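First the structure, in the form of structure tokens, and then the observations on it.
2 protein chains.
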Amino acid sequence: MTHPLRLGIAGLGTVGMGVVKILHEKQALLKGRTGRSIEITAVSARTKDKDRGMILDAYAWEEDPVKLAQRDDIDIFVELMGGHEGSALEATKAAIASGKDLVTANKAMLAHHGHELALQSEKNGSVIRFEAAVAGGIPVIKSLTEGLAGNKIIRVMGVMNGTCNYILTQMQATGRGYNALFKECAELGFLEADPNLDVGGIDAGHKLSLLSSIAFGTQVNFDEMELEGIQRIELKDIEQAADMGFRIKLLGVAQMTERGLEQRMSPCLVPQNSPIGQLEGGTNMIVLEGDEVGQVFLRGAGAGQGPTASAVMSDIIEIARGTRLSTFGQPANTLEKAGSASSLTPAPYYIRLSLLDKPGALAKIATVLGQAGVSIDRMRQYGHEDKTAPVLIVTHETLPRALDQALRQIPATGMLDDTPVALRIENV
Amino acid sequence: MTHPLRLGIAGLGTVGMGVVKILHEKQALLKGRTGRSIEITAVSARTKDKDRGMILDAYAWEEDPVKLAQRDDIDIFVELMGGHEGSALEATKAAIASGKDLVTANKAMLAHHGHELALQSEKNGSVIRFEAAVAGGIPVIKSLTEGLAGNKIIRVMGVMNGTCNYILTQMQATGRGYNALFKECAELGFLEADPNLDVGGIDAGHKLSLLSSIAFGTQVNFDEMELEGIQRIELKDIEQAADMGFRIKLLGVAQMTERGLEQRMSPCLVPQNSPIGQLEGGTNMIVLEGDEVGQVFLRGAGAGQGPTASAVMSDIIEIARGTRLSTFGQPANTLEKAGSASSLTPAPYYIRLSLLDKPGALAKIATVLGQAGVSIDRMRQYGHEDKTAPVLIVTHETLPRALDQALRQIPATGMLDDTPVALRIENV
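As structure tokens, then:
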């Protein structure tokens, strides 16, 4: 296998140029590790004439990524355009149809079309690799697909969106509110073009759906994930959770239960002394839990040029070395359809209420909770501010539907000033 | 590739039986993930008639592991005997000579003979995989060899011996001394037959030497590693390090410098709030630092039946899927000979002295340090106990040879009651 491996790279943004740079600067190292040259044949991007800090004249230019994907002189189509529909999907399908291998960082595309693309590529004998789609430079796809392949996977958990973790940890550290930090992230360029992808938990949810598929041998099922963003997290929740020994994280949890596949991406309380509780800033952490290995924690940069390009390169190197794996760790036509059981596993919850200063208010709330089957572990009532008193409740393990029922009924007591906030507590 | 993959397993201790158990219980899962059956053909162990909790009659029995390794009806020789000479090495060589692939958990054998075995196996077209040799179930060999293959590796660090970390964290947590905890570990079965392999840092050093080879493209060179165990760590060092915001860990550090390869396995102070500082009990943590990806932290169980068998299985599955990698990530005949530069990189140091109650004692010590080129960052003198006073010094960055010179000269001042203790501080 000494003929060069030829790449067509579509998308020359931060990640694309990171990959070009590595291929340019590390030729000898890559050849030493793979036994062959890895060459860029052709590239494509939205605008040709743009200063990208490097001269790209040595590579053929294609206006149309579909044309790039179909070129006879490329072996791998490297899709770094982004977006789950449109050009990226079209070019990806063209690449697969013409028998090219695909390396992509596009979590959105795979979350929506991964199963269909995997079926098609495996039919054509080509491979799809996507290490860069989940948790940047952390080799989590490889660890799950290969490193833990001797395990029945019990759970996959993690913090998978650096921007959300940055906002939440900065709220905690500086006492600034969500809106101020959201604005700062926008100015720092930390947010996607559609910020809801980040703060709405969608980007992290895409990633979790891909991990779920590998972990549990199921077809990617992003649509049935329980999804909630961090937009409604208030500073007082951060502070009060800290008072009780917790941190708030946008946490993904996927597990296979007797009732079906649970996938949840939502703000949760975690113990502040746990590895996830202590995760600061834009860092990502994934916990892979196998029946043999126990919990393996992986932590590193979840975004940025170097880390993401490092992950893209690991896929390219894998193919260069002749490794050919099924997209989701087993043939796509053996992946099972997984229903959703996200609301069926009990957990303790944190509930914050803003109680009106009326006689018997707390008793009425407690009664409603009890009637719904929500049992209280700890409760704190703080002093009245104006006409309301903040009340914090930590429940015993509660079924989500029991909690929902209670939350629907509590406002009818007329004792609340505000909508109650409820967050799941995960002991990771 | 639908013919079964046939294994010969030598060594039916904890790990060996863990592998047999997984192969027995997870046939369908493994076939789903690899597309083929994985079967045990024959086994070997020191004693045949022993209750191992499973009936092994279905597998051929070989008294002699060399015979097992040479059987025509095995594809992979799974070496789980241990020991770096004798039967394990002999059988491994026989396996390679007869063209079998090798999966092993034997860090000692690879640290001493890895380069020679890799050369031989690659000449014969067979592969050697050893995920279980380093950090148990944590997929660190895979992460380094494959996941970070697009990086120039800057440093590899980590806590790689669970028993040492258990002793050190228990000293901290319970105030019990080294000897009591050593005894407890012996009773709990946490120690190797030769305990010096654990507490002398040798086992962890073996592991670091394997990581070094992959990281830096160098021939395994365990013999030139700077190696020091935890036997001389006293409770007061643990306590006083804690006073200054540090924890003591048996820490491995390997890095390529302009002066050559540094490899060091020794007790070090690390910041108590860092991920390594917070690592409790028998857990392992490896930090892989690449020029593109930055630092990736991997954490999990470093020993035990399930975790180690999980790693062995990941190698077997890799081969079953048709992946064939060079032992140390690039052809063994391209690995460079690496000299040792372990004593050439400066670091801050922690020094503990037991000063006699004499006039001018501290001044004399400070003078000797200054003359040797050791500059003091922080110093604490505690009250006198009997006729001596403990003195703690944190130095600025110091060359190891300057420190050694100072430590040799200090006793000549006649101001010390005891040999000074010096530990490197690593800011990881």
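Chains as they are written, first to last, in the numbering used here: chain G, 1 to 428; chain E, 1001 to 1428. We treat Cβ as the ideally placed atom computed from N, Cα and C, and that holds for glycine. As the structure is a computational prediction, the values presented were derived from the model and not from experiment.
For F1328 of chain E, no CB of chain G lies under 8 Å from its own CB, so it is not counted at the interface with that chain. Residue pairing of L5 of chain G in beta bridges, as defined by DSSP: G:I38. Taking 7 Å as the cut-off between beta carbons, the residues of the region 144–161 of chain G near chain E are E146, G147, L148, A149, G150, N151, K152, in sequence order. Under a 10 Å Cβ-count criterion, D1101 of chain E is classified as buried, with 16 or more other Cβ atoms of the shown protein chains found around its own Cβ. According to DSSP, P1271 of chain E shares a beta bridge with E:F1246.
With three or more CB-CB distances shorter than 8 Å, the region 1126–1134 of chain E counts as touching the region 1107–1118 of chain E.
In the three-state scheme derived from DSSP, where H, G and I count as helix and E and B as strand, D417 of chain G is classed as coil. About 30 Å separates the CB atoms of L1261 of chain E and S1310 of chain E; that is not less than 8 Å, and the two are not in contact. A direct Cα-Cα distance of roughly 19 Å separates P1195 of chain E from Q1305 of chain E. Per the C-alpha coordinates, the member of E:I1076, E:P1139, E:E1228, E:E1122 positioned closest to Q1330 of chain E is E:E1122.
Around the beta carbon of I316 of chain G, 16 or more other beta carbons sit within 10 angstroms, so the residue counts as buried. The beta-carbon of S1310 of chain E is placed less than 8 Å from the nearest beta-carbon of chain G. The DSSP-derived three-state label of F190 of chain G is coil. When Cβ pairs closer than 8 Å are counted between the two stretches, the region 59–70 of chain G is seen to touch the region 38–49 of chain G, the count reaching three or more.
Excluding sequence positions up to five before and after G162 of chain G, its CB lies within less than 7 Å of the CB of G282, T283, N284, G302, A303, all in the same chain and listed in chain order.
Residue range 1202–1216 is occupied by the alpha helix (DSSP H) that includes F1216 of chain E, with no beta strand (DSSP E) assigned at that position. According to the DSSP secondary-structure assignment, M256 of chain G is paired through a beta bridge with G:L261. For A311 of chain G, the uninterrupted alpha helix (DSSP H) segment begins and ends at 305–320. In the same chain as G1137 of chain E, and ignoring 5 residues on each side of it, the C-beta atoms closer than 6 Å to its own belong to G1300, A1301, P1307, S1310, A1311, in chain order. The DSSP-derived three-state label of Q295 of chain G is strand. About 13 Å separates the beta carbon of K1152 of chain E from that of K21 of chain G, a gap too long to meet the 8 Å contact definition. Its Cα nearest to that of V296 of chain G, the residue E:S1143 stands out among E:G1016, E:S1143, E:T1034, E:D1072. Using a Cβ-Cβ distance cut-off of 8 Å, the region 353–364 of chain G and the region 234–248 of chain G are not in contact, since fewer than three pairs of beta carbons, one from each stretch, lie closer than that value.
The residue among G:T169, G:D198, G:S314 with its C-alpha nearest the C-alpha of A241 of chain G is G:T169. Within the model, the alpha-carbon separation for L1344 of chain E versus Y382 of chain G is close to 59 Å.
Shown here, M1160 of chain E sits in coil according to DSSP, grouped into three states, outside any helix or strand. When the five nearest sequence neighbours on each side are left out, the beta carbons in the same chain lying within less than 6 Å of the beta carbon of T327 of chain G are those of A118, I128, in order along the chain. Taking C-alpha positions only, K387 of chain G is separated from Q409 of chain G by approximately 22 Å. Within the region 1078–1140 of chain E, the complete alpha helix (DSSP H) segments at least 4 residues long are 1086–1097, 1107–1123, listed from N- to C-terminus. Listed in chain order, the non-local C-beta contacts of S1274 of chain E below 7 Å within the same chain comprise V1428, local neighbours out to five positions each way being set aside. Only those residues of the region 317–351 of chain G whose C-beta falls short of 9 Å from the nearest C-beta of chain E are listed: I317, E318, R321, G322, T323, R324, L325, S326, G329, Q330, P331, T334. Assigned with DSSP and collapsed to three states, T1169 of chain E falls in helix. Taking C-alpha positions only, H1003 of chain E is separated from A97 of chain G by approximately 29 Å. In the same chain as N1165 of chain E, and ignoring 5 residues on each side of it, the C-beta atoms closer than 6 Å to its own belong to V1159, in chain order. Bounds of the beta strand (DSSP E) holding T1283 of chain E are 1283–1290.
Put simply, the CB of G1201 of chain E is far from chain G, with every gap to its CB atoms at 8 Å or more.
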